[in-house]
Every structure is written in C-alpha cells, then in structure tokens.
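The block underneath contains the structure these notes are about, expressed in structure tokens.
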Amino acid sequence: MAAVDSFQLLYREIARSCSCYVETLALVGACYTVSKAVIFMRDCYSLIRLHFIPRLVSHRDLSQQYGQWALVCDASEAIAKAYAEELARHGICVILISRDISNLAGTAKTISDTYGVEASLMEADFSQGLSACKPIKDAISSKDIGFIVNSLDGSLDLSQDFTDLSESVVWDTINRNIVAATLVTRLALPAMVERGKGAVVNISAGRCLCPTSRKAAISASTAFLDNFSRSLHYEYGHRGVFVQSLLPFRVSSQGSEGTGPAGWLVPSPQVYARHAFSTLGVSHRTTGYWPHTIQFRLVQCIPEWVWMLGSRVFTRAT
Numbered sequence: 001m002a003a004v005d006s007f008q009l010l011y012r013e014i015a016r017s018c019s020c021y022v023e024t025l026a027l028v029g030a031c032y033t034v035s036k037a038v039i040f041m042r043d044c045y046s047l048i049r050l051h052f053i054p055r056l057v058s059h060r061d062l063s064q065q066y067g068q069w070a071l072v073c074d075a076s077e078a079i080a081k082a083y084a085e086e087l088a089r090h091g092i093c094v095i096l097i098s099r100d101i102s103n104l105a106g107t108a109k110t111i112s113d114t115y116g117v118e119a120s121l122m123e124a125d126f127s128q129g130l131s132a133c134k135p136i137k138d139a140i141s142s143k144d145i146g147f148i149v150n151s152l153d154g155s156l157d158l159s160q161d162f163t164d165l166s167e168s169v170v171w172d173t174i175n176r177n178i179v180a181a182t183l184v185t186r187l188a189l190p191a192m193v194e195r196g197k198g199a200v201v202n203i204s205a206g207r208c209l210c211p212t213s214r215k216a217a218i219s220a221s222t223a224f225l226d227n228f229s230r231s232l233h234y235e236y237g238h239r240g241v242f243v244q245s246l247l248p249f250r251v252s253s254q255g256s257e258g259t260g261p262a263g264w265l266v267p268s269p270q271v272y273a274r275h276a277f278s279t280l281g282v283s284h285r286t287t288g289y290w291p292h293t294i295q296f297r298l299v300q301c302i303p304e305w306v307w308m309l310g311s312r313v314f315t316r317a318t
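Residue numbers for the sequence shown, in UniProt numbering: 1 to 318.
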C-alpha cells in the first residue's frame, strides 16, 4: 500500500513539474496545425485561381498582346503540336520546326484550313551545328514573333543505364532538347525584348523535381529547361516578355499515335494544351493541368530516396 501511495505521489510531482512543458507543446502543436491549414487553403486558392478562373474569363487579343506569329520548336511532339493548334485557334500564325517535317505536312494544312491562319514548316536539325540557325533567322526576320514554344523530345525518353546509351543517342538528347531550345530562344528573343512584348513557353516535365533512375540524360534535360525558363523570367520578365515553364506529368498519345488511353489524370494532348494555354500570362511555373498540379505537390512531399526507389522499379519494369 505504501508503494502505491509513493507511486501516486511521484506521478503527481512529475505531472506538476511538467505541466508548463505540456502547455508549451500544446501551443506549438496548435501553431503547427494552423500553419498547415493556412498552407492548404493557400494551395486550394492558387489551384482555383490558376486552373479554373482563367478558363471562365474570355481571352484577350493575343496577337495584340504578344505578337502575330509563333515559333514552335520540335513540333512533331504531341503536346507541342496540340499547343500549336491552340495558338492557331486564337488567331496566331505558326511556324512548325522539326528535324523531320514529313509527318507535319498534314498538321500544317489542317491548322491552316481549320483556323484560317498561316502555318509554315521548317526543317532544322540542331545536331548538325550552327548551320540550322540561319534558315530560322532568315524566316523570322520579317515576322512579328510573339511566341516561342520549345518542347522536350519524348522520343528520347529511354529507360537505359547511361553507359548503355550510344554516343549518338546522347548527342541527340543534348542537341534536340538543350541546344535546340536555347538557340531558337536566342534567335527570336531579341526582337521581343526590343518590342517589349512576347511569350516564351518551355515544355519540360514534372519529374524535373527529382532525378530519375536509368534516365540520366533526359532527366537532366528536363531540369535544364525548367531552370532555363526561370532564369529567363528573372532576366526579361520586367522587360515585357512573359516566360513560362510548363511541367506536365504523363499525357496520353491518343490522337497522335493511338498508343495510350486518355483520362482525367492522363489527358489527351489537346485537353492538356487547352488547360495549359489558359495559364499563359498567369503563372510562370506550372504543370498546366490541375490534376498534374496535385501530383506535383505530392512529389514535392516524397523523400528523394522513395522517389528513386519507385522510379528504379518502374524503369526496370518498362
């Protein structure tokens, strides 16, 4: 009995001495909960402001705001092609640049016939060096280029160890993603800066947040395009040029190659382009599609080792 009384007395003494700490911990917990609630409400507001409100507001005269022509690099990519069609739907003439324009003739004719704008093709292989720049420079010299759209080349998204890649694949990955986007932007940007208006849209990938196993070269390319966009934004945003980094996750190839189904989480290129286009002039760095924004936030919360483990399993399976 004495032992029980002694324990109760000891417990009361410990509880009394720790009461101030308990109150402090409760206050810290309350502050943490409130901060997380505020962050959640802020993210919900940002999601609505970026992805829903702009779609309810009528678009302005884009040719007056940015320019009459758009330069679309690597236009054979499904997203870039759909984005070019979206530009044409708003009355913007387009120049489609690709290393192989044979599969773009039908696209250019469809754009021209459907939307009543000019759509021209230009072949440029940046793996051949600076010789690819001169035809582009001559073609845009007399045009009011208001949009530059650069897209990641998805055909180079190979799941292989870096040492297993051939030198030609590595060379193509660098030139068709990094060099092409950099040089095309360099060719058209000076005129935009001089006029004090224009838009640069670089389409990268949401996985640029973390390195991806067995995709070292293409993963680095996504990070380059994202950082390139953000740097240009700080360099020329105050001079009237809007620079946007688009970071989509998986987009279906349905409608171009017919190899993947479309859904709300994996939209078709046309659906994605329509959503992404509504964020132009609103956000400098976005996924362009609200379900992808939720994915983006989740990826930000995942520890890198977990991401690497998942990517290693996925790439091995493919």
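The beta-carbon is built from N, C-alpha and C at its ideal position, and this holds for glycine as well.
D74 to G288, Cα distance in whole Å? For D74 and G288, the distance between alpha carbons rounds to 19 Å.
Pick from S6, K36, P54, H284 that is closest to R274, judged by C-alpha positions: Per the Cα distances, P54.
Enclosing alpha helix (DSSP H) for E86 [first to last residue]: First-last of the alpha helix (DSSP H) with E86: 78–89.
With hydrogens ignored, establish whether the beta-carbon of D164 is closer than 7 Å to any heavy atom of the ligand FMN. With respect to small molecules bound, the structure shown includes none, and the ligand FMN cannot be examined in it.
For K137, the nearest candidate out of V149, M122, N150, Q65 (CA to CA): If we check each option's Cα against that of K137, M122 comes out closest.
Which residues does DSSP list as the beta-bridge partners of G198? Note: G198 sits in a beta bridge opposite V241.
Spatial distance of S76 from Y234 (CA atoms): Distance between the alpha carbons of S76 and Y234 is about 30 Å.
Relative to the C-alpha of A70, which residue among V149, V193, L309 is closest? It is V149 whose Cα lies nearest to the Cα of A70.
Which two residues bound the contiguous alpha helix (DSSP H) that contains E235? Counting along the chain, E235 sits inside the alpha helix (DSSP H) bounded by residues 216–236.
Okay, do the region 184–200 and the region 147–164 touch, 3+ Cβ pairs below 8 Å being the bar? Flag = yes, the region 184–200 and the region 147–164 touch.
Please say whether E304 and A210 have beta carbons closer to each other than 8 Å? Here residue 210 turns out to be Cys, not Ala, going by the sequence shown. Yes; because the gap between Cβ atoms is below 8 Å, this pair is in contact.
Could you spell out where the beta strand (DSSP E) holding L71 opens and where it closes? If you look at L71, you'll find it in the beta strand (DSSP E) that goes 69–73.
Whole-angstrom Cβ separation of L50 and T222, contact assumed at under 8 Å? So it is not a contact: roughly 21 Å between Cβ atoms.
Please report how far the alpha carbon of G310 lies from the alpha carbon of S6, in whole angstroms. Roughly 54 Å between the two C-alpha positions.
Would you grab the beta carbon distance between H292 and G206 for me? Rounded to a whole angstrom, and I think it's under 8 Å. Taking the Cβ atoms as the reference, H292 lies roughly 6 Å from G206, within the contact range of under 8 Å.
L225 and F296 look like a contact to me (Cβ under 8 Å); what is the Cβ gap, rounded to whole Å? Not really, about 15 Å apart at Cβ, beyond 8 Å.
Less than 7 Å between C-beta atoms, sequence neighbours within five positions excluded: which residues of the same chain meet that for G281? Listed in chain order, the non-local C-beta contacts of G281 below 7 Å within the same chain comprise F242, local neighbours out to five positions each way being set aside.
What number of angstroms, rounded off, separates the C-alpha of N103 from the C-alpha of K109? N103 and K109 have their alpha carbons spaced roughly 11 Å apart.
Selection from L265, I145, Y66 that minimises the alpha carbon distance to L96: Out of L265, I145, Y66, I145 has the C-alpha closest to the C-alpha of L96.
Secondary structure at D147, three-state DSSP: helix, strand or coil? Position check: residue 147 holds Phe in this sequence, whereas Asp was assumed. Strand, per DSSP.
I need the DSSP call for W305, collapsed to helix, strand or coil. Correct three-state label for W305: helix.
Under a Cβ-count criterion, where at least 16 other Cβ atoms within 10 Å of its own Cβ denotes burial, should C93 be classed as buried or exposed? Counting Cβ neighbours within 10 Å, C93 comes out buried, since at least 16 surround it.
Use the C-beta contact count for L187: other C-beta atoms within 10 angstroms, 16 or more gives buried, fewer gives exposed. That one is buried.
If you run the structure through DSSP and keep just helix, strand and coil, what is S112? Three-state DSSP puts S112 in a helix.
Does DSSP put R250 in a helix, in a strand, or in coil? Correct three-state label for R250: coil.
Whole-Å CB distance - residue 319 paired with S213, under 8 Å assumed: Because the chain in this structure spans residues 1 to 318, residue 319 falls outside the shown range and cannot be described.
By how many angstroms is the C-alpha of L265 removed from the C-alpha of Q72? Correcting the residue type first, residue 72 is Val in the shown sequence and not Gln. Pairing V72 with L265, the inter-Cα distance amounts to about 26 Å.
7 Å Cβ shell around D125 - same chain, five flanking residues per side excluded: Excluding residues within five positions, the ones whose Cβ falls inside 7 Å are R99, A132.
Count the other CB atoms, across all protein chains shown, that sit within 10 Å of the CB of Y45; report buried if there are 16 or more and exposed otherwise. An exposed status is given to Y45, since fewer than 16 other beta-carbon atoms sit within 10 Å of its beta-carbon.
Neighbourhood of V38 by C-beta, 6 Å cutoff - its chain only, sequence neighbours within 5 removed: Within the same chain, V38 has no close Cβ partners at all.
Identify, in the order they occur along the chain, each residue of the same chain with its Cβ nearer than 6 Å to the Cβ of G240, setting aside the five sequence neighbours on each side. Within its own chain, the residues whose Cβ lies closer than 6 Å to the Cβ of G240, once the five positions on either side in sequence are excluded, are G196, K197, listed in chain order.
Which residue's Cα is closest to the Cα of T114: Y272, T185, S35, A88? Closest option to T114, Cα to Cα, is A88.
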